[in-house]
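Engineer:
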Amino acid sequence: MPHNILTDQNAAARLSGLLESAMDGIISVDDAQRIVLYNRAAEKMFGWTADEVRGRPLDLLIPNRYRGVHGQQVRRFGATGTTSRRMGDNTVLYALRKDGTEFPIDASISQLNAPEGKLYTVILRDVTERVKAREDLAAFASESAGVREQEKSRIARELHDELAQMLTALKMDTIWMRDHLPREDAAAREKITQMLAMLDAAVASTRRIAADLRPLVLDDLGLVAAIEWAAQNFTQRTGVPCRLEVDETLDLGEPYATGVFRIVQESLQNIAKHARATEAVVELKRVADALVLRVQDDGVGFRTGDPRKPQSLGLVGLRERVHLLRGEVRVDSAPGAGTRVDARIPVAEGAA
Ligand SMILES: Nc1ncnc2c1ncn2[C@@H]1O[C@H](COP(=O)(O)OP(=O)(O)OP(=O)(O)O)[C@@H](O)[C@H]1O
Ligand SMILES: [Mg+2]
Numbered sequence: 551m552p553h554n555i556l557t558d559q560n561a562a563a564r565l566s567g568l569l570e571s572a573m574d575g576i577i578s579v580d581d582a583q584r585i586v587l588y589n590r591a592a593e594k595m596f597g598w599t600a601d602e603v604r605g606r607p608l609d610l611l612i613p614n615r616y617r618g619v620h621g622q623q624v625r626r627f628g629a630t631g632t633t634s635r636r637m638g639d640n641t642v643l644y645a646l647r648k649d650g651t652e653f654p655i656d657a658s659i660s661q662l663n664a665p666e667g668k669l670y671t672v673i674l675r676d677v678t679e680r681v682k683a684r685e686d687l688a689a690f691a692s693e694s695a696g697v698r699e700q701e702k703s704r705i706a707r708e709l710h711d712e713l714a715q716m717l718t719a720l721k722m723d724t725i726w727m728r729d730h731l732p733r734e735d736a737a738a739r740e741k742i743t744q745m746l747a748m749l750d751a752a753v754a755s756t757r758r759i760a761a762d763l764r765p766l767v768l769d770d771l772g773l774v775a776a777i778e779w780a781a782q783n784f785t786q787r788t789g790v791p792c793r794l795e796v797d798e799t800l801d802l803g804e805p806y807a808t809g810v811f812r813i814v815q816e817s818l819q820n821i822a823k824h825a826r827a828t829e830a831v832v833e834l835k836r837v838a839d840a841l842v843l844r845v846q847d848d849g850v851g852f853r854t855g856d857p858r859k860p861q862s863l864g865l866v867g868l869r870e871r872v873h874l875l876r877g878e879v880r881v882d883s884a885p886g887a888g889t890r891v892d893a894r895i896p897v898a899e900g901a902a
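If you count by the working numbering, then the sequence shown holds residues 551 to 902, one letter each, in order.
Next comes the structure, spelled out in structure tokens:
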């Protein structure tokens, strides 16, 4: 005869003590979803006392909009025969307090076939602090990404408008000097020719550094022009043609323009660095209320499942960027089969 804890007075008392001292809310409901057990932690969380809720439907503790779905899910869980699982998988679940306010919870459910019928037990924890911390972190990341871009934009603009202009003026003056040197001073003329070559190189690197920081076309002419510039730049450096299938009528504001541009830039950089491709393709269009971006190459590909090399931050940054925009990204690749980066970014109404 198995030892039955429910008929053993001491064990029952111990069990009840355990339930009452638990930090997590513990609620059991019967087959008809009526509350049969409700511990002290649950009292604190929900504001109802055990006496107030005993025998009442579990719906009392669930926000209105989830009630139907929740009932169905519990019944489905009951039918599976699985003994326990986490509730809500990847979404945040919400519970309802006596005063009508809601709070986010982590919950798991288990089922037990008791002699009186099926018993479901939910163990739950108030995760308000954690959810808030995560939201704060996301807001901070988004804010700091914006600030970084503004800073890059300012430095790029100053390099381009001030430093490059000054170097160009210096070059004009140097040419003037060369033209006014006595014909016979060959050594000085030679020196000045060298100076002019260096000034040309200095102007070129200033422009390049500025454009790498943030291409001015992005702010001046918009995303489509900036993608065209990036594609030309890519082909110039690598000799690999880049086909563009970009909706020219797209007129995207921030943060979308910068986000999409940086994704295209990183993807093209990867193709230049790793792919040994014969062609690259960039596609960008709007489908309903989302931007759909694809950057593809026909190069050597790589194993996407391999662990990340510690110094490789490109794809991590790319994912981070897409998540900041609340979008989704997929990188498909295999050795010999090329690489494809697909991003789908929802666009808020009025942003485009
Ligand atoms: N288009 C591609 N073709 C082939 N391999 C690629 C391609 N894109 C990425 N990879 C592979 O994935 C790895 C990770 O890419 P990721 O952009 O994260 O880092 P990285 O390019 O190595 O360095 P970083 O971008 O930080 O300068 C690369 O090292 C490369 O092996
Ligand atoms: Mg990279």
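Don't be surprised by glycine CBs; every beta carbon is placed ideally from N, CA and C.
1. For ligand 2, which residues have a Cβ under 7 angstroms from at least one heavy atom, in chain order?
2. Under three-state DSSP, which class holds Ala-561?
3. Inspect the beta-carbon positions of Val-837 and Val-814 and report whether they are closer than 7 angstroms.
4. Does the distance between the C-beta of Ala-825 and the nearest non-hydrogen atom of ligand 1 fall short of 6 angstroms?
5. Determine the DSSP secondary structure at Leu-569, reduced to helix, strand or coil.
6. Using the beta-carbon count (16 or more within 10 Å), is Ala-747 buried or exposed?
7. So Ala-706 and Arg-764 are in contact, right, with Cβ under 8 angstroms, and what is the actual spacing, rounded?
8. So, under 8 angstroms CB-CB, Ala-851 and Gly-809 are touching, yes? Tell me the CB distance rounded to an integer number of Å.
9. Decide if the region 859 to 879 is in contact with the region 795 to 812; the criterion is three or more beta carbon pairs, one per stretch, under 8 angstroms apart.
10. Alpha carbon to alpha carbon, how far is Met-716 from Leu-800? Give it in angstroms, no decimals.
11. Would you give the residue range spanned by the alpha helix (DSSP H) that Asp-847 belongs to?
12. Do you know how far the Cα of Gln-861 is from the Cα of Asn-614?
13. With DSSP collapsed to three states, give me the class of Phe-596.
14. Between Arg-626, Asp-574, Gly-888, which lies nearest to Thr-854 when the distance is taken from Cα to Cα?
15. Do Thr-671 and Phe-653 have their C-beta atoms closer together than 7 angstroms?
16. Between the C-alpha atoms of Val-767 and Leu-674, what's the straight-line distance to the nearest angstrom?
17. Could you say which of Val-879, Pro-896, Leu-874 lies nearest to Phe-690 if we only look at CA atoms?
18. Pick from Val-624, Glu-878, Gly-877, Ser-883: whose alpha carbon is nearest that of Asp-524?
19. Quick one: any contact between the region 570 to 577 and the region 585 to 602, if contact means 3 or more CB pairs under 8 angstroms?
20. Nearest to Ser-660 by alpha carbon, out of Arg-625, Leu-687, Ser-692?
21. Can you tell me which residues form a DSSP beta bridge with Asp-735?
Structural biologist: Let me lay it out:
1. Applying a distance threshold of 7 angstroms between residue Cβ atoms and the heavy atoms of ligand 2 selects Glu-816, Gln-819, Asn-820, Lys-823, Ser-862, Gly-864, Leu-865, given in chain order.
2. DSSP places Ala-561 within a helical segment (H, G or I) once states are collapsed to three.
3. No, the pair does not count as a contact, with Cβ atoms beyond the cut-off.
4. Yes - ligand 1 has a heavy atom lying nearer than 6 angstroms to the Cβ of Ala-825.
5. Leu-569 falls in the helix class under three-state DSSP.
6. Counting Cβ neighbours within 10 Å, Ala-747 comes out exposed, since fewer than 16 surround it.
7. Right, their Cβ atoms sit about 5 angstroms apart.
8. One detail in the question is off: residue 851 reads as Gly in this sequence, not Ala. Gly-851 to Gly-809, Cβ: 25 angstroms. No contact.
9. Touching, yes, given that three or more Cβ pairs across the two stretches are closer than 8 angstroms.
10. For Leu-800 and Met-716, the distance between alpha carbons rounds to 36 angstroms.
11. Per DSSP, Asp-847 belongs to no alpha helix (DSSP H); it is in the beta strand (DSSP E), 840 to 847.
12. If you draw a straight line from the Cα of Asn-614 to the Cα of Gln-861, it is about 49 angstroms long.
13. Helix at Phe-596.
14. Among Arg-626, Asp-574, Gly-888, the Cα nearest to that of Thr-854 belongs to Gly-888.
15. In this structure, Thr-671 keeps its C-beta atom at 7 angstroms or more from the C-beta atom of Phe-653.
16. Cα-Cα distance, rounded: 52 angstroms.
17. Per the Cα distances, Leu-874.
18. The displayed coordinates of the chain run from 551 to 902. Any statement about residue 524 would go beyond what the structure contains.
19. Touching, per the Cβ criterion.
20. Closest by alpha carbon: Arg-625.
21. Per DSSP, Asp-735 has no beta bridge partner at all.
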